[in-house]
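205 is the number of the first residue of the sequence shown in the numbering used here; add one for each residue after it.
For glycine and all other residues, C-beta sits at the position ideal for the given N, C-alpha and C.
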Amino acid sequence: MTDLSNKQIRHLRALAHAMKPVVIIGDKGVSQGVIDEINNSLEIHELIKVKIRAEEREDRQEMIDLIVKKTGASYIQRVGHIVTLFKRNKEAKIALPK
């Protein structure tokens, strides 16, 4: 997980605004397969959205915390059932402001 400044987080939020979720987590929750898929998507895109289909807010937050811990991604924001994650690749694809 990288330390991002507020300016960088705002920039990533703006970039993510028009994006659609690339991973959808269903009733079975966060499995190793889901973590692998999120890691693959982060490696390809760096910035992704994940939709979590859990009714309870606490359940969604637990899943988000688990995903962030297992993937090493940076939590950018959560809006309802959608969480935005960022993970810098060796070859940066997204230019971040200083």
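Asked	Found
Could you give the distance in angstroms between the alpha-carbon of Val227 and the alpha-carbon of Leu219?	17 Å
Assign Val238 to one of two classes, buried (16 or more other C-beta atoms within 10 Å of its C-beta) or exposed (fewer than that).	buried
Determine whether the beta carbon atoms of Lys232 and Ile286 lie at a separation below 8 Å.	no
Buried or exposed for Met223, going by 16 or more other Cβ atoms inside 10 Å?	exposed
Does the beta-carbon of Arg264 have 16 or more other beta-carbons within 10 angstroms, so that it is buried, or is it exposed?	buried
Extract the residue ranges of the alpha helix (DSSP H) inside the stretch 211-275, only unbroken runs of 4 or more that lie entirely within it.	236-249, 261-275
Would you say Gly230 and Arg257 are within 8 Å of each other, going by their C-beta atoms?	yes
Return yes when the Cβ of Glu250 is within less than 8 Å of the Cβ of Phe290, no when it is not.	yes
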